[in-house]
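Asks: The structure under discussion is supplied below as structure tokens; questions concerning it will follow.
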Amino acid sequence: MAFEGLTERLQNAFSKLRRKGKVSESDVRDAMREIRLALLEADVNFKVVKDFVKEVREKAIGSEVLDSLTPAQQIVKIVNDELVKTMGAEAVPLNKAPHIPTVIMMAGLQGAGKTTTVGKLAKYLQENEHARPLLIAADVYRPAAIKQLQVVGESVGAPVFEMGTDTDPREIVRQGMAQAAANHNDYVLIDTAGRLQIDAKLMQELQDIKEIAHPNEILLTVDAMTGQAAVDVAQGFNEQLDITGVVLTKLDGDTRGGAALSIRSVTGKPIKFIGQGEKMDALDVFYPDRMANRILGMGDMLTLIDKAQKNFDEQQAAEVAEKIQANTFDFNDFIDQMDQVQSMGGIEDIMKMIPGMANNPQLKNMHVDPKDMDHMKAIVYSMTEKERTNPELLNPSRRRRIAAGSGRPVLEVNRMIKQFKQARDMMNKMSKGNMGGMEQMMGG
Ligand code: GDP
1 MAFEGLTERL
11 QNAFSKLRRK
21 GKVSESDVRD
31 AMREIRLALL
41 EADVNFKVVK
51 DFVKEVREKA
61 IGSEVLDSLT
71 PAQQIVKIVN
81 DELVKTMGAE
91 AVPLNKAPHI
101 PTVIMMAGLQ
111 GAGKTTTVGK
121 LAKYLQENEH
131 ARPLLIAADV
141 YRPAAIKQLQ
151 VVGESVGAPV
161 FEMGTDTDPR
171 EIVRQGMAQA
181 AANHNDYVLI
191 DTAGRLQIDA
201 KLMQELQDIK
211 EIAHPNEILL
221 TVDAMTGQAA
231 VDVAQGFNEQ
241 LDITGVVLTK
251 LDGDTRGGAA
261 LSIRSVTGKP
271 IKFIGQGEKM
281 DALDVFYPDR
291 MANRILGMGD
301 MLTLIDKAQK
311 NFDEQQAAEV
321 AEKIQANTFD
331 FNDFIDQMDQ
341 VQSMGGIEDI
351 MKMIPGMANN
361 PQLKNMHVDP
371 KDMDHMKAIV
381 YSMTEKERTN
391 PELLNPSRRR
401 RIAAGSGRPV
411 LEVNRMIKQF
421 KQARDMMNKM
431 SKGNMGGMEQ
441 MMGG
């Protein structure tokens, strides 16, 4: 699976921070050291790592983060935002020609997945834009290349223009463009030759083809599995050819993440698509935010943090924390907390967003009926103000009165009071530094 090592190491670093509760500057420095190593081991470009770590450290060390009640969560968010930024922030759409055809020239080293990507792109354009692309076979050096493009073209139902292997690729492109004009194709995808490494002859040929075809896009396919080498290739091609974008292939494989994270910063050119398999439908638009989620392995955890921050009143939360510590958390607070959970979409939704929880079999069977929450509220509302702030007053006769008032059985009233006390005691223990229970809950 892609990014496994990186994801695991980042999660470890966050997990250590979460266990701290209160996070100091030196904790942040330790975490940043681990994150730095994790990125370097994932084969991220050295300079990219340096800038990344510097940015995150500066943002994380501010008092706003460290003095907040959720420093670890906020640091996760900062790392995520920085990952997104490093990868270019937004998805970059394909350039379009003002008049048809839009010409896309594909380049890349042999084996990177260029020919496969031509087929995938044709299918993508057919499906998303009802396009009628013409594929031009301009790789005359690898004998099987033309045949391969024909097979790919046939499988997606796109015509292939070819002139065998004896014609100069420049001439093939010239005639192919004429054919596209005659047939009113709205896209032309040119499959150019690859080499095992960048050489002068290859570059000259590509520059000539660029002159002839005036491509709106020059997309470079690079193999994500080759890590830093992919970045070097991208840089080399970009210097010679001024590419417009990158297709990062083989992200379904055991990649370390280095290429995905470095290409944009190093070349200044966006990754536009990612290849995630050999089949023709395994091409996806590259979204930096989704990729960052994937690298962090956080699932929807970040959505949850966002939601929590929106619904989270630091002042109010500080008061609750104080009450928990002083063990004066009462039924009024309980109701407030319940309202907050409900405004975030309910406890089930929240639990499912925690990493490792979505597939938890116990959770599958968990069902929190919104009615249960309403019943609990009804019980609390039937208490007097004194009872709410001092649950110890709740003797059997008071409980019977509350049951009658709320229309719930005494048994349920008893159960709820017991649960409340258990929760209060657990929170109190956790607030005194025993975070074991919380760590388990957070899948850390
Ligand atoms: P080219 O020499 O650059 O034209 O590369 P090809 O298109 O011939 O691809 C080389 C190999 O990589 C073929 O076996 C493809 O099936 C495979 N390939 C291409 N893209 C992907 C991808 O995104 N994922 C996986 N797993 N394999 C891919």
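Residue numbering for the sequence shown follows UniProt numbering, beginning at 1 and increasing consecutively.
Don't be surprised by glycine CBs; every beta carbon is placed ideally from N, CA and C.
(1) In terms of residues, what are the limits of the alpha helix (DSSP H) holding residue 54?
(2) Which same chain residues, not among the five before or five after residue 421, have their C-beta less than 6 Å away from its C-beta?
(3) Does the pairing of the stretch 92–106 with the stretch 60–78 give three or more beta-carbon distances under 8 Å?
(4) Which partner residues of residue 338 appear in the DSSP bridge assignment?
(5) How many Å lie between residue 141 and residue 168 at the Cα?
(6) Cβ of residue 34 versus every heavy atom of the ligand SAH: is any distance shorter than 7 Å?
(7) Where are the alpha helix (DSSP H) runs, 4 residues long or more, that stay fully inside the stretch 240–281, in chain order?
(8) Please indicate yes or no: does the CB of residue 114 lie closer than 7 Å to some heavy atom of the ligand GDP?
(9) In whole angstroms, what is the alpha-carbon distance linking residue 442 and residue 60?
(10) For a test of the three-state rule: what should DSSP assign to residue 317, helix, strand or coil?
(11) State the Cα-Cα distance for the pair residue 298 and residue 252, rounded to the nearest angstrom.
(12) Quick check on residue 393: buried or exposed, where buried means 16 or more other Cβ atoms within 10 Å of its Cβ?
(13) Are residue 238 and residue 201 closer than 8 Å when you measure CB to CB?
(14) What does a CB cutoff of less than 6 Å around residue 14 pick up in its chain, not counting 5 residues either side in sequence?
(15) For the candidate residues 118, 4, 327 and 164, whose alpha-carbon lies nearest to that of residue 188?
(16) Cutting at 6 Å between CB atoms, please list the residues of its own chain near residue 425, excluding the five before and the five after it.
(17) Starting from residue 106, follow its DSSP beta bridges and name the residues at the other end.
(18) DSSP beta-bridge partners for residue 285?
(19) Quick one: grab the DSSP three-state call for residue 133.
(20) Is the distance from the Cβ of residue 227 to the Cβ of residue 256 below 8 Å?
(21) Thinking C-beta only, is residue 288 closer than 8 Å to residue 84?
(22) When we look at the beta-carbon of residue 249 and count the other beta-carbons within 10 Å, is it buried (16 or more) or exposed?
(23) Answer yes or no: the CB of residue 194 versus the heavy atoms of the ligand GDP, is any distance below 7 Å?
(24) Note down, in chain order, each residue of its chain lying with its Cβ closer than 7 Å to the Cβ of residue 410, except the 5 sequence neighbours on either side.
(25) Could you give the residue range of the alpha helix (DSSP H) that holds residue 383?
(26) Quick one: does the C-beta of residue 260 sit closer than 7 Å to a heavy atom of the ligand GDP?
(27) Can you tell me whether residue 315 is buried or exposed? The criterion is at least 16 other CB atoms within 10 Å of its CB, across all chains shown.
(28) Would the stretch 147–163 and the stretch 125–135 be scored as touching if the rule is three or more Cβ pairs under 8 Å?
(29) Taking the straight line between their C-alpha atoms, what separation do you get for residue 87 and residue 42?
(30) Run through DSSP, which three-state label would residue 160 get?
(31) Can you give the Cα-Cα distance for residue 224 and residue 17, rounded to whole angstroms?
(32) Cβ of residue 254 versus every heavy atom of the ligand GDP: is any distance shorter than 7 Å?
(33) Report buried or exposed for residue 294, applying the criterion of at least 16 other Cβ atoms within 10 angstroms of its Cβ.
(34) Taking Cβ to Cβ, would you say residue 123 is nearer than 8 Å to residue 160?
(35) Looking only at C-alpha atoms, which of 58, 38 and 342 sits nearest to residue 258?
(36) Return yes when the C-beta of residue 107 is under 7 Å from any heavy atom of the ligand GDP, and no when it is not.
Replies: Short version:
(1) Locating residue 54 in the sequence shown gives position 54, where the first residue counts as 1. Unbroken alpha helix (DSSP H) run through residue 54: 46–61.
(2) For the purposes of this step, residue 421 is taken as the residue at position 421 of the sequence shown. Counting only Cβ-Cβ distances below 6 Å, and skipping sequence neighbours, we find nothing.
(3) With the rule of 3 Cβ pairs closer than 8 Å, the stretch 92–106 does not count as touching the stretch 60–78.
(4) Walking along the sequence shown from the start, residue 338 turns up at place 338. Bridge partners of residue 338: none, in fact.
(5) Indexing the sequence shown from 1 puts residue 141 at position 141. Indexing the sequence shown from 1 puts residue 168 at position 168. Distance between the alpha carbons of residue 141 and residue 168 is about 10 Å.
(6) Among the ligands in the structure shown, the ligand SAH does not appear; only the ligand GDP can be found there.
(7) Within the stretch 240–281, the complete alpha helix (DSSP H) segments of 4 residues or longer fall at 258–267, listed in chain order.
(8) Walking along the sequence shown from the start, residue 114 turns up at place 114. In this structure, residue 114 has its beta carbon less than 7 Å from a heavy atom of the ligand GDP.
(9) Numbered from 1 along the sequence shown, position 442 holds the residue referred to as residue 442. Numbered from 1 along the sequence shown, position 60 holds the residue referred to as residue 60. Residue confidence is low: residue 442 scores 43 on pLDDT, short of 50, so the model does not pin down where it sits. No coordinate-derived value is stated.
(10) As a first step, residue 317 is located in the sequence shown; it is residue number 317 there, counting from the start. If DSSP states are grouped into helix, strand and coil, residue 317 belongs with the helices.
(11) Your numbering for residue 298 matches position 298 in the sequence shown. Your numbering for residue 252 matches position 252 in the sequence shown. So the two alpha carbons sit approximately 18 Å from each other.
(12) Position 393 of the sequence shown, counted from the first residue, corresponds to residue 393. Classification for residue 393: exposed.
(13) Your numbering for residue 238 matches position 238 in the sequence shown. Your numbering for residue 201 matches position 201 in the sequence shown. Against a cut-off of 8 Å, the Cβ pair of residue 201 and residue 238 comes out as no contact.
(14) Stepping through the sequence shown from its first residue, residue 14 is reached at position 14. Same-chain partners within the cutoff: 76.
(15) Translated into positions along the sequence shown, residue 188 becomes position 188. The candidate whose alpha carbon is nearest that of residue 188 is 118.
(16) The residue you call residue 425 lines up with position 425 of the sequence shown. Nothing meets the Cβ criterion.
(17) For the purposes of this step, residue 106 is taken as residue 106 along the sequence shown, with counting starting at 1. In the DSSP assignment, residue 106 is bridged to 191 and 219.
(18) As a working mapping, residue 285 is identified with position 285 in the sequence shown. DSSP, once it has assigned bridges, lists 273 as partnering residue 285.
(19) The sequence position of residue 133 within the sequence shown is 133, counting from 1. Residue 133: strand per DSSP, three-state reduction.
(20) Your numbering for residue 227 matches position 227 in the sequence shown. Your numbering for residue 256 matches position 256 in the sequence shown. For the pair residue 227 and residue 256, the CB atoms are nearer than the 8 Å cut-off.
(21) As a position in the sequence shown, residue 84 is number 84, starting the count at 1. As a position in the sequence shown, residue 288 is number 288, starting the count at 1. Going by C-beta atoms, residue 84 is nearer than 8 Å to residue 288.
(22) The count along the sequence shown starts at 1 and reaches residue 249 at position 249. Burial of residue 249 is indicated by the presence of at least 16 other C-beta atoms within 10 angstroms of its C-beta.
(23) Residue numbering aside, residue 194 sits at position 194 when the sequence shown is read from its first letter. Indeed, a heavy atom of the ligand GDP lies less than 7 Å from the Cβ.
(24) In the sequence shown, counting from the first residue as 1, residue 410 sits at position 410. Within the same chain, and ignoring the five residues on either side of residue 410 in sequence, the residues whose Cβ sits closer than 7 Å to its Cβ are 399, 400 and 403.
(25) The residue given as residue 383 occupies position 383 in the sequence shown. From DSSP, residue 383 is part of no alpha helix (DSSP H); its letter is neither H nor E.
(26) To locate residue 260, count along the sequence shown from 1; it is residue 260. Outside the cutoff, so no.
(27) In the sequence shown, residue 315 corresponds to position 315, counting from 1. The residue in question, residue 315, is exposed, as its Cβ has fewer than 16 Cβ neighbours within 10 Å.
(28) In short, these stretches touch, since the Cβ pair count reaches three.
(29) Taking the first residue of the sequence shown as position 1, residue 87 is located at position 87. Taking the first residue of the sequence shown as position 1, residue 42 is located at position 42. Within the model, the alpha-carbon separation for residue 87 versus residue 42 is close to 15 Å.
(30) Here residue 160 is taken as the residue at index 160 of the sequence shown, counted from 1. Reduced to three states, the DSSP call for residue 160 is strand.
(31) In the sequence shown, counting from the first residue as 1, residue 224 sits at position 224. In the sequence shown, counting from the first residue as 1, residue 17 sits at position 17. CA-CA distance, residue 224 to residue 17, rounds to 31 Å.
(32) The residue labelled residue 254 in the question sits at position 254 within the sequence shown. Result no, Cβ not under 7 Å from the ligand GDP.
(33) Residue numbering aside, residue 294 sits at position 294 when the sequence shown is read from its first letter. The residue is buried, with at least 16 neighbouring Cβ atoms inside 10 Å.
(34) Walking along the sequence shown from the start, residue 123 turns up at place 123. Walking along the sequence shown from the start, residue 160 turns up at place 160. No, Cβ-Cβ distance for residue 123 and residue 160 is not below 8 Å.
(35) Position 258 of the sequence shown, counted from the start, is the residue given in the question as residue 258. Minimum Cα distance to residue 258 is reached at 38.
(36) Indexing the sequence shown from 1 puts residue 107 at position 107. Checking the Cβ of residue 107 against the ligand GDP gives no.
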